[in-house]
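Notes to accompany the following structure.
Protein chains: 2
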Amino acid sequence: MNDGRTILNQWADAGECELPGEGATDQALSSTLMKGLEILALYSDQEDRFANAEIARRLGLNKATVSRLCKTLMHMGYLRRDPKGNFRLAPRILGLSYPVMAATRWRHQLVGPMREIAEMSTGNVTLAVMSGDQFVQVQTVGDPVSFPHIPEAGITGPLHRSASGRALLSLLDGQELYDKLAELRLRFPEEFEAHADLTAASIARCRSEGFCTSYGDWRPNIVALSTPLGETDDGLRVALSCGLPRFRAREDVVENDLGPRLAEAARSFRMMGIFKPPFFA
Amino acid sequence: MNDGRTILNQWADAGECELPGEGATDQALSSTLMKGLEILALYSDQEDRFANAEIARRLGLNKATVSRLCKTLMHMGYLRRDPKGNFRLAPRILGLSYPVMAATRWRHQLVGPMREIAEMSTGNVTLAVMSGDQFVQVQTVGDPVSFPHIPEAGITGPLHRSASGRALLSLLDGQELYDKLAELRLRFPEEFEAHADLTAASIARCRSEGFCTSYGDWRPNIVALSTPLGETDDGLRVALSCGLPRFRAREDVVENDLGPRLAEAARSFRMMGIFKPPFFA
DNA sequence: CCGTCTTGTTTCAAATATCGTAACAAATGT
DNA sequence: ACATTTGTTACGATATTTGAAACAAGACGG
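So the sequences go chain by chain: A and B.
This note's numbering numbers the first residue of the first sequence as 2 and each following residue consecutively.
This note's numbering numbers the first residue of the second sequence as 2 and each following residue consecutively.
This is the structure we're talking about:
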């Protein structure tokens, strides 16, 4: 928009981020472990079972390899076979998450106020934390039925293409932000460009007005608002977000009523002593 | 107790379970993947950070190996470094759990009634599913503060040494039960023996009276009751349990009041059409 | 019912990714 | 500043992983 070079790209330029070593298989990384984890990461709420051949096709692996990896994952208890012979995630996988859930006890204090916001907005209210190049929802409040997806802790999404993600980015200061943006641009070149201006504007707005909005940037049918909360003492950056089905979201209400209310809620959440306040607040 | 051979051992004898191939590294399993997963499994609510050397020590690995594996896990987004250089779980790990959480939507219908039981008993109420040789809690209701541990979805525990586990075992019929017991005896020989009679009695009681109890078998300071609910259509076996701090649990109340009430609750839960009723009900 | 597909597991030798030593780098502590 | 501890990187030896092919087990269709 501004002479062909967005401000976000300028920021990203300022970040350090090595190029991946010529597309070659990074010899410092354990490829077998990666393949195994990629199998687990294949699953979603949409696809809860896979045949051996399907896993092999998606990951570009030999079916014999998949067979052995899945056998290992079953042995470890993270995969199970259903009656039809498909591989499914085993509930045991929740055990890996438990330490993280247990470490975020502070969210229990927030569910009450979150519930009020959910009722007020007739939407979903979530807490999201930054993890690498994604956000991860750690707490969800609201009515599960009226949404196209299933709101639960564990939902992940892109930092640069969602309200939650942008609110989280707004918490990063100076070089940290530049580095993260450089990483994102490296990982998703085309997407990053496509959303660059919106992302830059949202980050700025979070810092000035205390919230940002997104109209289907991430989930096409969801209008979302988000506000940065701050950083916990163990280094987790947290945002508070609200999502509405598009048909139920009137833009003027979102911008002039819900947004300011969410920002106000964030201010009161920050008084609880859980979060180190953001540098701009 | 009965001429030196417990009934549970007789059951376990009837189960098929190969011996592990002479302690040799099972060549059909991917050792690198196992090591990586073992690193992730090291974490708990008690220990949320590890130094490289500590991981190496616990798993008996070379520190160079640990370095490479952790680098890989960080690259995948499941591990992060804290300011002191320790390895911590990254929130991204929750993303692996999400598909399982999303698949157990039925639990939302149960939280209301569960909350009533929690209030009535002044304890914690949980839903647990069987996964391999463990149970996994998928839903928790109650007051987190009065417990020595942090009640959250994802807590795992032993099938043969807990009320929840025994209630789940009671759902297995015939050969399936024998196989599972044989597996458990193979995996935990000494523990299995130590708890064999209690486990057998609890399974029998679940089938006749609809519940079983445990006085510190798993967590020393927790008295627990559990009742089998049944099997969901995607093959998950579910139990409903209630836990109380020991000092607050009067045995006669547990046995004669709470137990029957829990069994009664289970009966009403089974009317909701979520579970295929157990073979003995 | 039998042959024909399809799909998954196992075997085995070849290939290559992993391991451990040792050197290096960094941080910690005295 | 030096000694000590701890984590990462390089590199050759080695053990693990890989993929082809054979095998086993169902599923399908005539």
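Using N, Cα and C, we set each Cβ at its ideal position, and we do this for glycine too.
To be precise: take each residue of the stretch 143-165 of chain B, compare its Cβ to all Cβ atoms of chain A, and keep it if any distance is under 7 Å. Which residues remain?
Taking 7 Å as the Cβ-Cβ cut-off against chain A, the residues of the stretch 143-165 of chain B that qualify are PRO145, ILE151, GLU153, ALA154, GLY155, ILE156, THR157.
Per the DSSP calculation, TYR216 (chain A) is bridged to which residue(s)?
Looking at the DSSP output, TYR216 (chain A) sits in a beta bridge with A:VAL224.
Listed by chain order, chain B residues near PRO100 (chain A) by CB distance under 7 Å
Here the neighbours are TYR44, SER45, ASP46, ASP49, LEU90.
Rounded C-alpha distance that separates ALA52 (chain B) from LEU90 (chain B)
Linking ALA52 (chain B) to LEU90 (chain B) through their CA atoms gives a straight-line distance of about 12 Å.
Give the single residue among A:LEU199, A:GLN176, A:ILE151 whose Cα lies nearest to the Cα of THR7 (chain A).
Closest in C-alpha terms to THR7 (chain A), from the list A:LEU199, A:GLN176, A:ILE151, comes A:LEU199.
Buried or exposed for VAL224 (chain B), going by 16 or more other Cβ atoms inside 10 Å?
Per the 10 Å Cβ criterion, buried.
Step through the CB atoms of chain B and report whether any lies within less than 8 Å of the CB of ALA25 (chain A).
Confidence in ALA25 (chain A) is poor, its pLDDT being 43 and thus under 50, which makes the residue's placement unreliable; the coordinate value appears in the next sentence. ALA25 (chain A) does not count as touching chain B.
Would the stretch 222-237 of chain A count as touching the stretch 151-158 of chain A if we require 3 or more Cβ pairs under 8 Å?
Cβ pair count under 8 Å is below three, so no.
LEU97 (chain B) and PRO92 (chain A) look like a contact to me (Cβ under 8 Å); what is the Cβ gap, rounded to whole Å?
About 12 Å separates the CB atoms of LEU97 (chain B) and PRO92 (chain A); that is not less than 8 Å, and the two are not in contact.
Neighbouring residues, chain B, relative to MET77 (chain A) (Cβ below 7 Å):
What MET77 (chain A) touches in chain B: MET35, LEU38.
Does the beta carbon of GLN110 (chain B) sit closer than 8 Å to a beta carbon anywhere in chain A?
Taking Cβ atoms only, chain A never reaches closer than 8 Å to GLN110 (chain B), which makes this a no.
Chain-ordered chain A contacts of ALA29 (chain B) [CB-CB under 7 Å]:
Within chain A, the residues near ALA29 (chain B) are ARG69, LYS72.
Closer than 9 Å between beta carbons: that is the criterion. Which residues of the stretch 227-239 of chain B meet it against chain A?
Residues passing the 9 Å Cβ filter: ASP235, GLY236, LEU237.
Does the beta-carbon of PHE212 (chain B) have 16 or more other beta-carbons within 10 angstroms, so that it is buried, or is it exposed?
With 16 or more Cβ atoms within 10 Å of its Cβ, PHE212 (chain B) is classed as buried.
Under the three-state reduction of DSSP, which class applies to TRP12 (chain B): helix, strand or coil?
TRP12 (chain B) falls in the helix class under three-state DSSP.
To the nearest angstrom, report how far apart ALA202 (chain B) and PRO190 (chain B) are at their CA atoms.
Whole-angstrom Cα-Cα distance: 19 Å.
Could you pull the start and end residues of the alpha helix (DSSP H) that GLY96 (chain B) belongs to?
It spans 95-104 - the alpha helix (DSSP H) in which GLY96 (chain B) sits, taken as one unbroken run.
Check each candidate in B:SER171, B:GLY166, B:LEU185, B:ARG59 and name the one with the smallest Cα separation from SER209 (chain B).
Distance check between SER209 (chain B) and each of B:SER171, B:GLY166, B:LEU185, B:ARG59 places B:SER171 closest, using alpha-carbon atoms only.
Answer yes if the stretch 175-187 of chain A comes into contact with the stretch 131-145 of chain B, meaning at least three C-beta pairs across the two stretches below 8 Å, and no otherwise.
The stretch 131-145 of chain B, when compared against the stretch 175-187 of chain A, does not touch it at the 8 Å Cβ threshold.
Give the secondary structure of ALA129 (chain B) by DSSP, where H, G and I count as helix, E and B as strand, and everything else as coil.
Looking at ALA129 (chain B) - three-state DSSP - the assignment turns out to be strand.
Have a look at A:LEU187, A:ALA103, A:LEU95 and flag the residue whose alpha-carbon is nearest the alpha-carbon of VAL101 (chain B).
For the set A:LEU187, A:ALA103, A:LEU95, the Cα lying nearest the Cα of VAL101 (chain B) is the one of A:LEU95.
Counting only runs of 4+ residues fully inside the stretch 144-179 of chain B, write out the alpha helix (DSSP H) ranges in chain order.
If one requires a minimum length of 4 residues, the alpha helix (DSSP H) runs lying completely within the stretch 144-179 of chain B are 164-171, in chain order.
Does any residue of chain A bring its CB to less than 8 Å from the CB of ALA119 (chain B)?
Nearest CB-CB separation between ALA119 (chain B) and chain A: not below the 8 Å threshold.
Can you list the residues of chain A that ARG188 (chain B) reaches, using a CB-CB cut of under 9 Å?
Simply none; closest approach about 11 Å.
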